[in-house]
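Chemist:
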Amino acid sequence: MAKLAEVDCHIFCAPGASKDICTLSPSQNHDPTTPSHPTTMEASITATGLRRAGGPKLCDIPYNSRTTVIEQLPFQELQPILETWKVCGSMQSMECTPCYDDSAEPILTLQVMVDTPRDDSRENWLQAAQEMHDLLRRHGLGHVTVDIIDWRLKVGPNILICEPTDAIFSKWDMVRKRILESVDVSGFQMLGCYRMGYKDVEYKPTILITVDPKSERNWNLAKQDVNNILNEFDLSMVDVEIYKDRSIFCARRPSIQSEINSRYLVHTREGPRVATIGHSPFGLTCRHCIFDKHRQDALISESAQEVDCPTYGKVKECIDKLTETVSYLKRGEPYRTLEQLRVDGDLPDDRKALWRNLRDLIKSHEDGLTHLHSYYDLKTYRFGEVWAHSGDGTTRIMDWALLKPHPTRACPSNKVSFCSPLSIRK
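Numbering (the working numbering) for the sequence shown: 32 to 457.
Structure (structure tokens):
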């Protein structure tokens with residue numbers, strides 16, 4: 032595999048990643064009736080070592096996906112390619128759209144989602160993806176994208192608050208002010224500093240910038256400008272990540288750029304209502320997420336409205352999806368055949384490692400399902416009560432609700448951890 036080169040952080044790969052774009056010729060044994068033009072495949076790797084390979088049109092990550100059926104998908108011929116290159120993952124056909132744009136044209140994708148701690152084939156992903164797409168082309172499915180991806184990249188990073196021990200903690204106000212004063216922030220939608228990372232990867236203090244997906248800037252230049260500022264403050268250990276995000280609409284809210292350029296203080300006719308809660312844990316969400324349209328003008332009583340986070344329906348949805356995934360893996364090939372051979376005592380030695388890897392993958396999903404059932408049965412998803420709210424049910428403005436979490440849901444007791452890429456996000 033060629034050395035990976037630095038590329039734009041906002042296209043095809045996770046921000047801060049590098050990628051290798053390779054034009055690979057079809058395999059020697061391809062059907063002579065198949066068009067001979069080469070297939071462009073891509074490989075990327077983040078600064079934390081998370082990989083992805085595929086093509087010809089990879090969806091921006093993280094992305095939303097919908098399971099679909101691809102007619103005449105040659106599964107029995109695709110699986111041996113993964114085995115040859117020792118890629119252990121679940122294969123599924125789906126339509127993908129980037130998280131920042133649900134209206135985008137879905138990309139028909141054959142996804143191989145890999146749990147990398149159980150996989151040592153990372154250097155082979157590009158070759159495996161190329162051979163799989165060559166096979167799809169021979170079956171008239173050249174329009175289908177192959178995406179071999181670390182599941183953590185697919186779902187996106189976890190984002191936590193910075194800690195007082197982080198070097199940037201006491202300097203953040205100065206750093207933020209310097210960024211707003213000296214960096215071109217056109218297209219910025221949010222600027223913040225958090226601890227970001229993935230399961231089994233160190234969480235590092237990171238400046239997170241979300242940007243307008245319609246903006247056509249070279250975001251690598253903005254990233255370099257922010258890195259230069261961090262170096263001035265002796266904060267070279269802090270990462271910078273830039274992600275496309277949904278366009279934000281908020282009535283009467285000026286852009287970041289116009290706020291910076293304004294020489295005048297902005298005053299409102301009526302001051303905001305102020306509520307003091309002291310040094311207590313709290314949660315913040317949108318009011319319309321709690322009160323439905325029939326209760327928008329209702330006043331909450333002292334026995335405040337209970338709030339679920341994640342919602343009851345989301346927990347049930349995750350249980351159903353994980354149950355379906357376990358069933359799919361068990362009845363799919365090659366696991367079904369290998370398991371039957373094992374039960375009959377006829378499993379060949381050279382197939383035991385593959386069976387063990389697939390069994391470990393299924394077991395991790397089953398463990399997650401057990402944890403989810405317990406979470407569901409004990410109603411651990413109950414977050415707390417509504418403490419105060421904006422009183423305005425119009426979703427066209429910044430409506431809000433302040434929540435008082437139950438003691439068991441207040442940080443640091445609010446973490447849910449189980450071995451599954453379908454972990455519920457909170």
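All residues carry an ideal CB built from backbone N, CA and C; glycine is no exception.
Starting from the C-beta of LEU166, find all residues in its chain whose C-beta is less than 8 Å away, skip the five residues before and the five after it, and write them out in chain order.
Modeler: The residue you call residue 166 lines up with position 135 of the sequence shown. PRO105, GLU108, LEU109 and ILE112, listed in sequence order.
Chemist: Are the Cβ atoms of ILE240 and VAL269 separated by less than 8 Å?
Modeler: Translated into positions along the sequence shown, residue 240 becomes position 209. Translated into positions along the sequence shown, residue 269 becomes position 238. No, they are not a contact pair.
Chemist: Whole angstroms are fine: how far does the CA of TYR412 sit from the CA of GLY314?
Modeler: Counted from its first residue, the sequence shown places residue 314 at position 283. Counted from its first residue, the sequence shown places residue 412 at position 381. Between GLY314 and TYR412, the C-alpha separation is close to 14 Å.
Chemist: Going residue by residue through the region 359 to 439, where are the continuous beta strand (DSSP E) segments of at least 3 residues, counting only ones entirely within it?
Modeler: 413 to 420 and 432 to 436
Chemist: In or out: PHE219 buried (at least 16 other Cβ within 10 Å) or exposed?
Modeler: Indexing the sequence shown from 1 puts residue 219 at position 188. Counting Cβ neighbours within 10 Å, PHE219 comes out buried, since at least 16 surround it.
Chemist: Looking only at its own chain, which residues have a Cβ that is under 7 Å from the Cβ of ASP337, when we skip the five neighbours before and after it?
Modeler: Taking the first residue of the sequence shown as 1, we reach residue 337 at position 306. Before going further, note that residue 337 is Glu rather than Asp in the sequence given. For GLU337, where only same-chain residues beyond five positions count, the Cβ hits under 7 Å are ARG413 and GLU416.
Chemist: Taking just the CA atoms, how far does THR439 sit from SER405?
Modeler: Residue mapping note: residue 405 aligns to position 374 of the sequence shown, counting from 1. Residue mapping note: residue 439 aligns to position 408 of the sequence shown, counting from 1. Going by the C-alpha atoms only, they are around 15 Å apart.
Chemist: Put GLU102 into one of helix, strand or coil per three-state DSSP.
Modeler: Translated into the one-based positions of the sequence shown, residue 102 becomes position 71. In the three-state reduction of the DSSP assignment, GLU102 falls in the coil class.
Chemist: Are ALA160 and MET221 touching if we call contact CB-CB under 8 Å?
Modeler: One-based indexing of the sequence shown puts residue 160 at position 129. One-based indexing of the sequence shown puts residue 221 at position 190. The beta carbons of ALA160 and MET221 sit no closer together than 8 Å.
Chemist: What did DSSP end up calling TYR234 once you bin it into helix, strand or coil?
Modeler: Position 203 of the sequence shown, counted from the first residue, corresponds to residue 234. Coil, per DSSP.
Chemist: So what's MET205 in DSSP terms, helix, strand or just coil?
Modeler: Translated into the one-based positions of the sequence shown, residue 205 becomes position 174. Residue state, collapsed to three classes: helix.
Chemist: So, for ASP339: in the same chain, excluding its five sequence neighbours on each side, which residues have a beta-carbon less than 7 Å away from its beta-carbon?
Modeler: By one-based count along the sequence shown, residue 339 stands at place 308. Cβ within range, chain order: TYR412, ARG413 and PHE414.
Chemist: Taking all protein chains shown into account, decide if ILE180 is buried (16 or more other Cβ within 10 angstroms of its Cβ) or exposed.
Modeler: By one-based count along the sequence shown, residue 180 stands at place 149. Its Cβ being crowded by 16 or more others within 10 Å, ILE180 is buried.
Chemist: Using three-state DSSP, classify CYS349 as helix, strand or coil.
Modeler: Numbered from its first residue, the sequence shown carries residue 349 at position 318. DSSP places CYS349 in helix when its eight states are reduced to three.
Chemist: Using alpha carbons as the reference points, say which of ARG209, GLU272, TYR359 and ASP178 lies closest to GLN158.
Modeler: Residue mapping note: residue 158 aligns to position 127 of the sequence shown, counting from 1. Comparing Cα positions, the closest option is ASP178.
Chemist: Would you mind reading off the limits of the beta strand (DSSP E) that contains MET163?
Modeler: Taking the first residue of the sequence shown as position 1, residue 163 is located at position 132. Counting along the chain, MET163 falls outside any beta strand (DSSP E), though it belongs to the alpha helix (DSSP H) covering 156 to 169.
Chemist: Got a sec? Which residues, its chain only, sit under 6 Å from LEU400 by beta carbon, not counting five neighbours each side?
Modeler: For the purposes of this step, residue 400 is taken as the residue at position 369 of the sequence shown. Excluding positions up to five away in sequence, the list reads LEU353.
Chemist: ALA441 by DSSP, collapsed to three states: which one?
Modeler: Start at 1 with the first residue of the sequence shown, and residue 441 comes out as number 410. Three-state result, ALA441: coil.
Chemist: Quick check on the DSSP output: the beta strand (DSSP E) that includes ARG226 runs from which residue to which?
Modeler: Here residue 226 refers to the residue found at position 195 when the sequence shown is read from its first residue. Element bounds for ARG226: 219 to 228.
Chemist: Leaving out five residues on either side along the sequence, give the residues of the same chain with a beta carbon under 8 Å from the beta carbon of VAL214.
Modeler: Stepping through the sequence shown from its first residue, residue 214 is reached at position 183. Excluding sequence neighbours, VAL214 sits near ALA253, ASP256, VAL257 and ILE260.
Chemist: Compute the beta-carbon to beta-carbon distance between PHE264 and VAL206, rounded to the nearest angstrom, for a pair I have assumed lies under 8 Å.
Modeler: Taking the sequence shown and counting its residues from 1, one reaches residue 264 at position 233. Taking the sequence shown and counting its residues from 1, one reaches residue 206 at position 175. The Cβ separation is near 6 Å, so the contact holds.
Chemist: Could you pull out every residue in the same chain whose Cβ sits closer than 6 Å to the Cβ of ALA441, ignoring the five residues on either side in sequence?
Modeler: Within the sequence shown, residue 441 is the residue found at index 410, counting from 1. Once the five neighbours on either side are set aside, the close Cβ partners of ALA441 are PRO312.
Chemist: Answer with yes or no whether the minimum CB distance from THR98 to chain D is below 8 Å.
Modeler: The structure shown contains no chain D, having only a single protein chain.
Chemist: Measure the CB-CB distance between MET163 and PRO188 and report whether it falls below 8 Å.
Modeler: For the purposes of this step, residue 163 is identified with residue 132 of the sequence shown, where counting begins at 1. For the purposes of this step, residue 188 is identified with residue 157 of the sequence shown, where counting begins at 1. For MET163 and PRO188, no; Cβs fall outside 8 Å.
Chemist: Write down the C-beta distance between LEU81 and LEU191 rounded to the nearest angstrom, noting that I regard them as a contact closer than 8 Å.
Modeler: If you number the sequence shown from 1, residue 81 lands on position 50. If you number the sequence shown from 1, residue 191 lands on position 160. Not confirmed; about 18 Å, so no contact.
Chemist: Can you tell me which of the three DSSP states CYS320 falls into?
Modeler: Translated into the one-based positions of the sequence shown, residue 320 becomes position 289. The DSSP-derived three-state label of CYS320 is helix.
Chemist: Are GLU126 and THR99 close, meaning C-beta to C-beta below 8 Å?
Modeler: Locating residue 126 in the sequence shown gives position 95, where the first residue counts as 1. Locating residue 99 in the sequence shown gives position 68, where the first residue counts as 1. In contact: GLU126 and THR99 (Cβ atoms closer than 8 Å).
Chemist: Pull up the DSSP beta-bridge partners for PRO129, would you.
Modeler: One-based indexing of the sequence shown puts residue 129 at position 98. The partner list for PRO129 (beta bridge, DSSP) reads TYR94.
Chemist: When you compare each of ILE101, PHE200, LEU389 and ASP133 to LEU139 by their alpha carbons, which one comes out closest?
Modeler: Reading the sequence shown from its first residue, position 108 is the one you call residue 139. Of the residues ILE101, PHE200, LEU389 and ASP133, the one whose Cα lies closest to the Cα of LEU139 is ILE101.
Chemist: Output the boundary residues of the alpha helix (DSSP H) element that contains LYS254.
Modeler: For the purposes of this step, residue 254 is taken as the residue at position 223 of the sequence shown. Per DSSP, LYS254 belongs to the alpha helix (DSSP H) from 250 to 263.
Chemist: Start and end of the alpha helix (DSSP H) containing LEU184?
Modeler: By one-based count along the sequence shown, residue 184 stands at place 153. Looking at the DSSP string, the run of the alpha helix (DSSP H) that includes LEU184 is 182 to 186.
Chemist: Rounded to the nearest angstrom, how far is the Cβ of LEU392 from that of ARG382, given a contact under 8 Å?
Modeler: Indexing the sequence shown from 1 puts residue 392 at position 361. Indexing the sequence shown from 1 puts residue 382 at position 351. By a beta-carbon distance limit of 8 Å, LEU392 does not contact ARG382. Their separation comes to about 16 Å.
Chemist: Take CYS224 and list the residues in its own chain whose beta-carbon comes closer than 8 Å to its own, dropping the five residues that flank it on each side.
Modeler: Here residue 224 refers to the residue found at position 193 when the sequence shown is read from its first residue. Correct list, in chain order: CYS193, ILE199, TRP203, VAL206, ARG207, PRO236, THR237, ILE238, LEU239 and VAL269.
Chemist: State buried or exposed for TYR343, treating a residue as buried only when at least 16 other CB atoms are found within 10 Å of its CB.
Modeler: To locate residue 343, count along the sequence shown from 1; it is residue 312. When all chains shown are included, TYR343 counts as exposed.
Chemist: Please classify ALA384 as buried or exposed, where buried requires at least 16 other C-beta atoms within 10 Å of its C-beta.
Modeler: Numbered from its first residue, the sequence shown carries residue 384 at position 353. Exposed, because fewer than 16 other Cβ atoms sit within 10 Å of the Cβ of ALA384.
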